Amino acid sequence: MKTLIAILGLTAMLSAADGGALYQKCAACHGLKGEKVALGKSEVIAGWSSAKVVDALKGYKAGTRNTKGMGALMKGQTATLSDADMKALGDHIAGLK
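My numbering numbers the first residue of the sequence shown as 1266 and each following residue consecutively.
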């Protein structure tokens, strides 16, 4: 029984989204620490709360957010993100200073 619990715990850890790894795709436009105004249009995202990041990502994915004309580009970037991925990204970005 202990072995089964250990295996399940390890599986959960391995399948958990890694916000830092996911953010590498974002860093090209937003900067390594979220300090850049992406493509000269977006807001600096460093310091955003996790909830604000998740709300923005969900809006872009749903096609209901189009801040500063970035909706179509960000819809493509968020298309494959799961809710767990968005939460991991939110937590990572919230920690950027």
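Each residue gets a CB set at the ideal place from its N, CA and C atoms; glycine is no exception.
Keep in mind it's a predicted model, so treat the numbers as computed, not measured.
| Check | Outcome |
| --- | --- |
| Give a yes or no on whether the C-beta atoms belonging to LEU1361 and LYS1298 are separated by under 8 Å. | yes |
| Would ASP1350 and LEU1304 qualify as a contact pair, given that the criterion is a beta-carbon distance under 8 Å? | no |
| Starting from VAL1302, trace the alpha helix (DSSP H) both ways and give me its first and last residue. | No alpha helix (DSSP H) contains VAL1302, which DSSP labels as neither H nor E. |
| CB LYS1326 to CB LYS1340, shorter than 8 Å? | yes |
| Closest by CA to LYS1290, which one among LYS1323, GLN1342, SER1314? | GLN1342 |
| For SER1314, which residues of its own chain have a beta-carbon under 6 Å away from its beta-carbon, when the five flanking residues on both sides are left out? | ALA1359 |
| Is it buried or exposed for THR1345, if we count other Cβ within 10 angstroms and need 16 for buried? | exposed |
| Leaving out the 5 sequence neighbours to the left and right, which residues in its chain are closer than 6 Å to GLY1328 when beta-carbon positions are compared? | LYS1340 |
| Nearest to LYS1306 by alpha carbon, out of VAL1319, GLY1284, THR1332, LYS1352? | THR1332 |
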